[in-house]
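J.: Protein chains in written order, with the working numbering: chain F, 1 to 324; chain G, 325 to 572.
All C-beta atoms in this analysis are idealised placements derived from N, C-alpha and C, irrespective of residue type, glycine included.
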Amino acid sequence: MSNNNSYLSNYFHRNGRALGSIGYFVLLMVIFLIGAPEAWIRPNLHQSVFVMMPTLIFLTIPLVFLVASGEIDLSFASTYAVAAYVFALLVKNGVDPAICLVLGVFTGAAIGALVGTLIVVFRLSSLVASLGVLFLLRGVILLLSNSRSITIMEVENHWIYPLLVGNFYGFPMQIFWAAIFVIFCYYFFNKHVFGIHIQHVGDNSVSAEQMGINVNAVKIKAFMFVGVGAAIGGIFTTMITYTFFPTQGFGYLLLALAAVFVGGTPYWGGLGTIIGAVFGVGIIAYMEIGIIAIGWSGEWRQFFNGLIILLALLGHRLHGERVR
Amino acid sequence: MENIIELNNVTKRFGGITALNKASLKVTKGEVVGLIGDNGAGKSTLIKTLVGVYSPDEGDILIRGEKINTWNALKARESGIETVFQDRALTPQQSIVKNIFMGKELRYPFGFIKEKEQIFEANRLIREIGFTSKLINAESPVGNLSGGERQGVAIARAIYNKAELIVLDEPTNNLSLNETQKVFDFVLNVKKSNRSVLFIGHNIYHVYDISDRFVILDRGEVVHQINKNDISTPEELMKIMRDTIGTH
Numbered sequence: 001m002s003n004n005n006s007y008l009s010n011y012f013h014r015n016g017r018a019l020g021s022i023g024y025f026v027l028l029m030v031i032f033l034i035g036a037p038e039a040w041i042r043p044n045l046h047q048s049v050f051v052m053m054p055t056l057i058f059l060t061i062p063l064v065f066l067v068a069s070g071e072i073d074l075s076f077a078s079t080y081a082v083a084a085y086v087f088a089l090l091v092k093n094g095v096d097p098a099i100c101l102v103l104g105v106f107t108g109a110a111i112g113a114l115v116g117t118l119i120v121v122f123r124l125s126s127l128v129a130s131l132g133v134l135f136l137l138r139g140v141i142l143l144l145s146n147s148r149s150i151t152i153m154e155v156e157n158h159w160i161y162p163l164l165v166g167n168f169y170g171f172p173m174q175i176f177w178a179a180i181f182v183i184f185c186y187y188f189f190n191k192h193v194f195g196i197h198i199q200h201v202g203d204n205s206v207s208a209e210q211m212g213i214n215v216n217a218v219k220i221k222a223f224m225f226v227g228v229g230a231a232i233g234g235i236f237t238t239m240i241t242y243t244f245f246p247t248q249g250f251g252y253l254l255l256a257l258a259a260v261f262v263g264g265t266p267y268w269g270g271l272g273t274i275i276g277a278v279f280g281v282g283i284i285a286y287m288e289i290g291i292i293a294i295g296w297s298g299e300w301r302q303f304f305n306g307l308i309i310l311l312a313l314l315g316h317r318l319h320g321e322r323v324r
Numbered sequence: 325m326e327n328i329i330e331l332n333n334v335t336k337r338f339g340g341i342t343a344l345n346k347a348s349l350k351v352t353k354g355e356v357v358g359l360i361g362d363n364g365a366g367k368s369t370l371i372k373t374l375v376g377v378y379s380p381d382e383g384d385i386l387i388r389g390e391k392i393n394t395w396n397a398l399k400a401r402e403s404g405i406e407t408v409f410q411d412r413a414l415t416p417q418q419s420i421v422k423n424i425f426m427g428k429e430l431r432y433p434f435g436f437i438k439e440k441e442q443i444f445e446a447n448r449l450i451r452e453i454g455f456t457s458k459l460i461n462a463e464s465p466v467g468n469l470s471g472g473e474r475q476g477v478a479i480a481r482a483i484y485n486k487a488e489l490i491v492l493d494e495p496t497n498n499l500s501l502n503e504t505q506k507v508f509d510f511v512l513n514v515k516k517s518n519r520s521v522l523f524i525g526h527n528i529y530h531v532y533d534i535s536d537r538f539v540i541l542d543r544g545e546v547v548h549q550i551n552k553n554d555i556s557t558p559e560e561l562m563k564i565m566r567d568t569i570g571t572h
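#1: Here's a check: name, in chain order, each residue in its chain whose Cβ is nearer than 7 Å to the Cβ of F:LEU142, leaving out the five neighbours to either side.
#2: Quick one, which residues of the region 185-196 of chain F are near chain G if we go by CB-CB under 8 Å, in chain order?
#3: Using a C-beta to C-beta distance shorter than 9 Å, which residues of chain G count as neighbours of F:ASN15?
#4: Could you name the residues of the region 260-283 of chain F whose beta carbon sits closer than 8 Å to any beta carbon of chain G, in the order they occur along the chain?
#5: Look at the Cβ atom of G:VAL511, then the Cβ atom of G:VAL356, and state whether they are nearer than 8 Å.
#6: Taking CB distances under 8 Å as the criterion, tell me whether G:ILE437 reaches chain F.
#7: At least one CB of chain F closer than 8 Å to the CB of G:SER464: is that the case?
#8: Are there three or more Cβ pairs, one per stretch, closer than 8 Å when the region 148-166 of chain F is compared with the region 13-33 of chain F?
#9: Does DSSP classify G:ASN396 as helix, strand or coil?
#10: Could you name the residues of the region 83-98 of chain F whose beta carbon sits closer than 7 Å to any beta carbon of chain G, in the order they occur along the chain?
#11: Please state whether the Cβ-Cβ distance between F:ALA81 and F:ARG42 is less than 8 Å.
#12: Provide the residue span of the alpha helix (DSSP H) that contains F:LEU142, from first to last.
#13: State the DSSP-derived secondary structure class of G:LYS391, mapped to helix, strand or coil.
#14: Out of F:MET173, F:ALA109 and F:LEU144, point me to the one whose CA is closest to F:PHE223's CA.
#15: Looking only at its chain, what residues have a beta carbon closer than 7 Å to the beta carbon of G:ASN412, apart from the 5 residues adjacent to it on each side?
#16: Should F:HIS158 be flagged as near chain G, meaning a C-beta pair shorter than 8 Å?
#17: Quick one: what's G:GLY361 bridged to in DSSP?
#18: Using three-state DSSP, classify G:GLY383 as helix, strand or coil.
#19: Compare the C-beta of G:PHE338 against all C-beta atoms of chain F and say whether one is closer than 8 Å.
#20: Run through chain G and tell me which residues come within less than 8 Å of F:SER6, C-beta to C-beta.
#21: If we ignore side chains and look at the alpha-carbon of each, how far apart do F:ALA293 and F:PRO37 end up?
#22: Let me know the secondary structure DSSP gives G:LYS440 once reduced to three states.
#23: Run through DSSP, which three-state label would G:ALA347 get?
#24: Kindly list, in the order they appear in chain G, the residues whose Cβ is closer than 9 Å to that of F:HIS200.
#25: Check for me: the beta strand (DSSP E) holding G:VAL521 runs from which residue to which?
#26: Quick one: is F:MET211 near chain G, going by C-beta distance under 8 Å?
#27: Does the CB of G:PHE455 have a neighbour CB from chain F at under 8 Å?
#28: Sort F:GLN302, F:TYR286, F:PHE304 and F:THR117 by Cα distance to F:LEU45 and report the nearest one.
#29: Would you list, in sequence order, the uninterrupted alpha helix (DSSP H) runs of no fewer than 4 residues that lie entirely inside the region 159-190 of chain F?
#30: Using the three-state DSSP reduction, which class does G:LYS336 fall into: helix, strand or coil?
#31: Give me, in chain order, the residues of the same chain whose beta-carbon lies closer than 7 Å to that of F:ILE57; leave out the 5 immediate sequence neighbours on both sides.
#32: Can you have a look at F:GLU71 and say buried or exposed, based on whether 16 or more other CB atoms are within 10 angstroms of its CB?
#33: Apart from the five residues on each side of it in sequence, which residues of its chain come closer than 8 Å, Cβ to Cβ, to F:MET52?
#34: For F:PRO97, which of helix, strand or coil comes out of DSSP?
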């Protein structure tokens with residue numbers, strides 16, 4: 001009996017945060033369903049959510065890795081646009097879109113590496129330094145693009161378009177890519193040396209260092225992963241809309257961060273949940289779209305976003321304080 | 325006798341402060357060396373240099389007689405040196421099994437972790453070192469454990485990796501008598517299997533009981549070395565310590 005108890009308590013220790021955010025998601029669904037059943041059964045509502053969710057997943061899930069490593073990054077919202085710019089500019093200049101995609105993702109990784117190195121080597125606050133990079137990169141984009149958008153209708157005729165963002169029996173293809181990304185990240189975070197080292201580093205970096213883990217390298221890789229996720233999100237969105245526009249990505253900054261924390265990953269490092277973050281994304285995406293769908297005015301959206309973040313944080317408090 | 329590790333004239337500075345000044349130390353196979361010295365004598369710096377957490381500013385490190393050029397914690401562990409740090413070097417929000425295998429995870433190709441094998445080994449180890457509570461298993465978080473139990477996890481890590489040299493930094497601090505005895509038994513077992521221990525302690529009686537040789541450190545310098553055969557009581561060791569410290 002006592003053995004069962006210990007396995008049960010270990011199970012909740014490992015999965016409580018993910019279960020919590022699944023609970024909030026179900027609760028939100030029930031509230032919407034009771035509040036506006038006729039809006040809820042219309043498929044176009046869920047289709048809009050499905051279009052928004054993949055982008056948010058590509059941004060949010062890598063942030064779970066970074067937050068678990070004890071750092072934070074705000075610059076991803078600009079990296080998103082830089083990668084999209086590189087992609088769109090090259091496509092416009094006749095480069096094969098598949099190569100542009102690779103170069104765009106590579107740009108994201110390179111920016112992540114630079115931001116991470118800057119923060120780790122000079123021991124800067126990641127919150128403040130990445131805020132600086134957020135503005136800096138956005139400035140660079142506005143200057144380079146002359147604040148003009150780039151339209152790339154030509155991607156539609158290339159094989160990567162149907163493969164990445166096409167339509168599969170009514171479902172947008174990016175849903176499948178996001179799902180594969182989530183499964184990959186789940187194993188990467190929980191069953192791979194990279195994820196395990198991130199958790200050790202975020203939990204106690206001195207201990208990790210003493211045990212021979214290269215703390216700086218682990219953190220820089222986590223920043224790079226955030227850059228890669230942002231680049232994928234930016235390029236996918238640019239392909240879906242056939243347009244790069246220089247302010248793109250800014251709107252996702254706070255939503256992606258909210259999804260990480262609503263999803264149950266604590267801010268202090270060492271812990272994180274991929275599954276929780278997926279439901280965090282679900283909560284944020286349905287809030288964004290659901291409020292309008294049930295016929296309330298857009299002014300309520302921010303109010304409810306704020307409310308749900310606070311309620312989720314209070315709920316996740318039940319999982320206790322940080323243990324030391 | 326083969327030298328497991330040798331530090332020759334190692335100097336380590338932090339800013340303008342010289343924490344270690346041309347310190348030399350060696351540990352041979354199968355011996356228990358006791359490192360003693362007052363607070364601030366440089367014990368901690370010496371240990372952290374020896375196990376690769378710090379790299380020396382000057383001087384050489386030799387592993388089994390071979391000079392090492394780049395020295396870090398991973399290299400030390402790969403050379404067969406495991407350390408039970410004073411702060412235990414644990415990550416309390418993670419499970420016991422993750423802590424035991426921290427930095428040296430059992431891996432499949434491409435870096436995926438052999439989770440089942442790790443859990444099996446960790447459960448075996450925590451029974452071996454005497455975790456009797458049924459409430460504790462390999463997947464329990466370290467944060468729920470007492471100080472003695474946490475020390476047990478740190479020791480289990482050293483046992484699993486079958487180190488040739490185990491460095492114990494103040495291992496009996498804050499432990500009960502019973503737990504202290506367990507640490508002593510562990511040291512004797514290591515010695516019996518012809519492996520070596522470097523034991524750092526404040527408590528002269530503890531160090532005296534289990535060491536074969538004593539190294540006295542003062543203000544960053546090794547000021548005296550003495551074999552246990554040459555003295556007969558801990559009081560004698562203490563007198564030697566008093567006489568050497570501060571006189572050089």
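T.: On the basis of the supplied data:
#1: Within its own chain, the residues whose Cβ lies closer than 7 Å to the Cβ of F:LEU142, once the five positions on either side in sequence are excluded, are PRO246, listed in chain order.
#2: Going along the region 185-196 of chain F in chain order, one finds TYR187, LYS191, HIS192, VAL193, PHE194 and ILE196 with a Cβ nearer than 8 Å to chain G.
#3: Here the premise fails: no neighbours, minimum Cβ distance about 12 Å.
#4: Going along the region 260-283 of chain F in chain order, one finds GLY270 and LEU271 with a Cβ nearer than 8 Å to chain G.
#5: Yes. Within cutoff.
#6: It does: the Cβ of G:ILE437 has a partner Cβ on chain F nearer than 8 Å.
#7: Output row for G:SER464: interface = yes.
#8: No, they do not touch.
#9: Three-state result, G:ASN396: coil.
#10: Within the region 83-98 of chain F, no residue qualifies.
#11: No. Outside cutoff.
#12: Residue range 126-144 is occupied by the alpha helix (DSSP H) that includes F:LEU142.
#13: DSSP places G:LYS391 in strand when its eight states are reduced to three.
#14: It is F:ALA109.
#15: A small fix is needed here, since residue 412 of chain G is Arg in this sequence, not Asn. Here the set comprises ARG474, GLN475 and ALA478.
#16: Taking Cβ atoms only, chain G never reaches closer than 8 Å to F:HIS158, which makes this a no.
#17: G:LEU541.
#18: Strand at G:GLY383.
#19: False, the Cβ-Cβ gap to chain F never drops below 8 Å.
#20: Identification of chain G residues near F:SER6 by a Cβ-Cβ cut-off of 8 Å yields LYS458, LEU459, ILE460, ASN461 and SER464, ordered along the chain.
#21: Distance from the CA atom of F:ALA293 to the CA atom of F:PRO37, rounded to whole angstroms, is 10 Å.
#22: If DSSP states are grouped into helix, strand and coil, G:LYS440 belongs with the helices.
#23: Secondary structure of G:ALA347 (DSSP, three-state): strand.
#24: What F:HIS200 touches in chain G: THR415, GLN418, LYS422, ASN423, MET426 and GLY427.
#25: Run containing G:VAL521: 520-524, per the beta strand (DSSP E) assignment.
#26: Yes - at least one Cβ of chain G is within 8 Å of the one on F:MET211.
#27: Chain F, which has no Cβ nearer than 8 Å to the Cβ of G:PHE455, makes this no.
#28: Nearest of F:GLN302, F:TYR286, F:PHE304 and F:THR117 to F:LEU45, Cα basis: F:TYR286.
#29: Counting only runs of 4 or more, we get 160-165 and 173-190.
#30: If DSSP states are grouped into helix, strand and coil, G:LYS336 belongs with the strands.
#31: The residues are ALA178, PHE181, VAL182, VAL278 and VAL281.
#32: It is buried - the Cβ of F:GLU71 has at least 16 other Cβ atoms within 10 Å.
#33: The beta carbon of F:MET52 is closer than 8 Å to those of ALA285, GLU288 and ILE289 in its chain, skipping five residues each way along the sequence.
#34: Looking at F:PRO97 - three-state DSSP - the assignment turns out to be helix.
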